[in-house]
Structures are given as C-alpha cells and as structure tokens.
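To keep things clear, I will list the structure first and then write my remarks on it.
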Amino acid sequence: MPSDACKAARALVASAHRITVLTGAGVSTDSGIPDFRGPDGLWTRDADAGKAASLDAYLADPELRRLAWRTRLDSPVWTAKPNAAHKALVELERSGRLRTVVTQNIDGLHQKAGSDPHRVLELHGTLHATVCLACGATGPMRDALKRVADGEAEPDCARCGGILKSATISFGQELDAEVLRRARLAALDCDVLLVAGTSLSVQPAAGLVPLAARAGAEVIICNAEPTPYDSLAAVVLHEPVGEVLPDLSSVPPSGGGRF
Ligand code: NAD
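For the sequence shown, counting from 1, position 225 maps to 225 in full-length UniProt numbering; every step adds exactly one.
So, in structure tokens, the structure goes:
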C-alpha cells in the first residue's frame with residue numbers, strides 16, 4: 001500500500017513537464033560504492049578519513065598522494081554497475097520529462113546506466129579522468145592507474161612533470177564555473193526538483209534546493225535520513241532510492257505531456 005507521501009510524489013511527477021534531479025552518493029550505495037555520511041559511510045566509520053580530501057593536504061603531503069594512488073587501484077568504482085535508481089532516471093529521461101541530472105557523484109554511473117551525457121552535470125568532477133595541478137592537462141584515469149599498477153608510486157604529469165590528481169573537486173577547490181552555472185539554471189528552470197540520496201551538507205550543491213524552491217519548483221526529497229532542507233520540500237520520503245525512483249519513473253504523465 002503506497003504511503004500518502006509516495007502518492008503525493010507520484011502526483012507531482014505525473015504533472016511535471018521539466019524535472020531536474022539532484023543526486024548524491026546515496027544513489028550509488030546499492031552499486032557497492034559507500035557514501036560518506038550515511039550509517040555505513042566512509043566518514044561515519046572513520047572521522048579522520050575526510051581530512052585527506054582537502055587540496056592543501058594533497059599538495060603538501062607526498063605520502064598522502066601515494067596512499068591515494070594505491071587505494072584508488074582498488075576503488076569499487078571501476079567495477080560498479082548501475083543500479084535500479086540510475087536506471088529509473090534513464091526511464092524518466094526517455095519519457096521526455098527529465099531535463100537534467102545534477103550529480104555530486106564522481107563515479108560516472110548515471111552515464112553508464114544510459115543517461116544522456118549532455119544532460120548529466122558532474123558538479124564535483126569525475127574519477128574517470130586526471131588533471132595536472134601545474135599545467136591543467138587532463139587525461140584518462142586508466143592511463144595513470146596503469147602506471148601505478150606497473151610500479152610507479154605517484155604518476156606525474158606526462159606533459160610537464162607536475163602533480164597529478166583525479167579530476168574531482170577536493171575541499172578547498174573551486175567548482176567548474178560553467179558546470180555550476182548550468183546546474184543553477186537547471187534548478188531555476190524546473191517545475192519539480194527531485195533530490196535523491198544526498199545529505200545536502202555540501203555547498204554549493206545543497207544551495208540548489210532553496211534556489212529551485214524560491215523559483216517556484218516543487219521539491220521532492222528522497223533520502224534515508226533527514227536533511228537540512230526537508231522543510232522546503234513538498235514531499236519528503238525517508239525510503240530507499242532503489243525503490244522510490246523506479247516507482248516515480250513509472251508514473252505516466254498527466255495532462256497530455258505538454259511542454
Ligand atoms: P553523503 O554521504 O553526505 O550523503 C548520502 C546520503 O544518502 C546519506 O544521508 C544516506 O543516509 C543516504 N543514503 C545512502 N544510501 C541510500 C539509499 N539506498 N536510499 C536512500 N538514501 C540513501 O553524500 P553526498 O550528499 O553525495 O555528499 C558527499 C560528497 O561525497 C559528494 O561531494 C560526492 O562527490 C562524494 N561522494 C561520491 C560518491 C560517488 O560518486 N558514488 C561516493 C561517496 C562520496
């Protein structure tokens with residue numbers, strides 16, 4: 001028996017013409033990639049783990065960089081498969097109502113599931129590429145990881161010898177201005193903002209929620225735990241995204257699918 005909150009969310013999705021989705025690490029936990037702040041999150045289990053995620057620490061500490069490269073070889077991201085939540089968003093896109101997926105995730109699973117890469121905005125970058133912190137050259141992560149697997153403790157930039165990092169946004173690093181601009185536009189230009197699997201504790205990503213709400217969008221938040229923005233939402237669902245998103249994506253459009 002669907003709850004009243006589920007029914008309300010289904011009604012909002014049915015009448016929506018322009019849906020923007022904001023996702024976080026919680027949409028990928030069913031794919032075997034742990035989140036940071038959920039009950040089994042990496043930072044919940046080890047409070048010091050988050051310190052390594054700052055750009056200053058990465059630049060200052062060669063041992064930290066070597067550890068990051070060693071650990072990355074075994075990241076679950078390389079073998080992870082998209083789950084029901086990612087696939088549901090592909091279905092919603094195919095129904096013509098989902099315009100943009102803004103994701104804080106760096107795992108590339110929305111694209112792997114079949115979301116149009118042009119509609120996916122990776123606010124925090126991607127783990128599938130590297131960037132040189134000296135000259136800005138980018139390259140495939142797999143090339144750097146092959147060098148690590150072949151015995152290099154810390155692969156440097158093939159062009160200038162500078163320090164290489166994954167093309168992800170660390171604490172202390174600016175977001176890509178163009179990606180953030182497009183994400184804000186997508187929040188402003190939607191009738192429903194569907195938020196899934198994020199604690200909404202990282203800015204400026206979380207700020208997309210009040211931005212959309214102030215612009216008149218109905219906000220649906222689906223997250224296992226409460227978020228600081230629940231009071232702005234028309235509907236809050238504390239249920240698994242792997243169940244809620246397939247349910248919402250199966251809702252037929254009402255009103256003839258007007259755009
Ligand atoms: P977070 O860890 O702060 O929050 C994730 C939230 O999802 C938690 O509140 C948790 O309770 C909830 N959750 C977990 N599994 C769920 C499920 N199956 N159904 C419903 N809710 C579920 O993550 P965040 O808000 O995305 O912010 C953390 C930062 O961590 C982001 O910047 C992101 O770049 C990075 N990150 C990314 C990945 C990834 O790419 N998969 C993984 C870990 C962290």
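Think of the CB as a built atom: it goes at the ideal place given N, C-alpha and C, for glycine as much as any other residue.
Item	Value
Inter-residue CB distance, Leu237 and Ala5 (contact presumed, cutoff 8 Å)	5 Å
Bounding residues of the alpha helix (DSSP H) (the contiguous stretch that carries Ala5)	Asp4 to Ser15
Simplified DSSP assignment, three categories, for Ala113	helix
Segment contact flag, the region 15 to 28 with the region 188 to 198, C-beta cutoff 8 Å, min 3 pairs	yes
Any non-hydrogen atom of the ligand NAD closer than 8 Å to Glu225 Cβ	yes
CA-to-CA distance, Val120 to Asp35, given in whole angstroms	20 Å
Contacts around Arg147, its chain only, beta-carbon distance under 8 Å, and the 5 residues preceding and following it disregarded	Pro155
Neighbour flag for Leu194 against chain B, beta carbons, 9 Å	In summary, chain B is missing from the structure at hand, where a single protein chain is found.
Heavy atom of the ligand NAD within 8 Å of Ser249 beta-carbon	no
Helix, strand or coil at Arg70 [DSSP, three-state]	helix
Contact under 9 Å by Cβ, Ala206 with Thr227	yes
Contact under 9 Å by Cβ, residue 337 with Ala80	With the chain covering only 1 through 259, there is no way to say anything about residue 337.
Residue range of the alpha helix (DSSP H) that includes Ala84	Ala84 to Arg94
Assigned exposure category for Ser249 - 16 Cβ within 10 Å defines buried	buried
Neighbourhood of Arg182 by C-beta, 6 Å cutoff - its chain only, sequence neighbours within 5 removed	Leu121
Pro240 CB to nearest heavy atom of the ligand NAD below 8 Å	yes
heavy atom of the ligand NAD below 8 Å from Gly197 C-beta	yes
Straight-line gap, Val131 to Ala144 (C-alpha atoms, nearest Å)	10 Å
For Ala242, the three-state DSSP class (helix, strand or coil)	Correcting the residue identity first, residue 242 is Gly in this sequence and not Ala. Three-state DSSP puts Gly242 in a helix.
Buried/exposed call for Pro82, threshold 16 Cβ in 10 Å	buried
Contact between the region 153 to 170 and the region 64 to 81 (3+ Cβ pairs under 8 Å)	yes
Reference Gly242, options His86, Gln104, Leu194 and Ser254, closest by Cα	His86
Nearest candidate by alpha-carbon position, reference Pro204, set Cys190, Val192 and Gln173	Gln173
His118 vs Gln104 beta-carbon contact at 9 Å	no
Residue nearest to Glu218 in terms of C-alpha spacing, selected from Leu208, Tyr58 and Ala234	Ala234
Burial state of Ala16, where buried means 16 or more other Cβ atoms lie within 10 Å	buried
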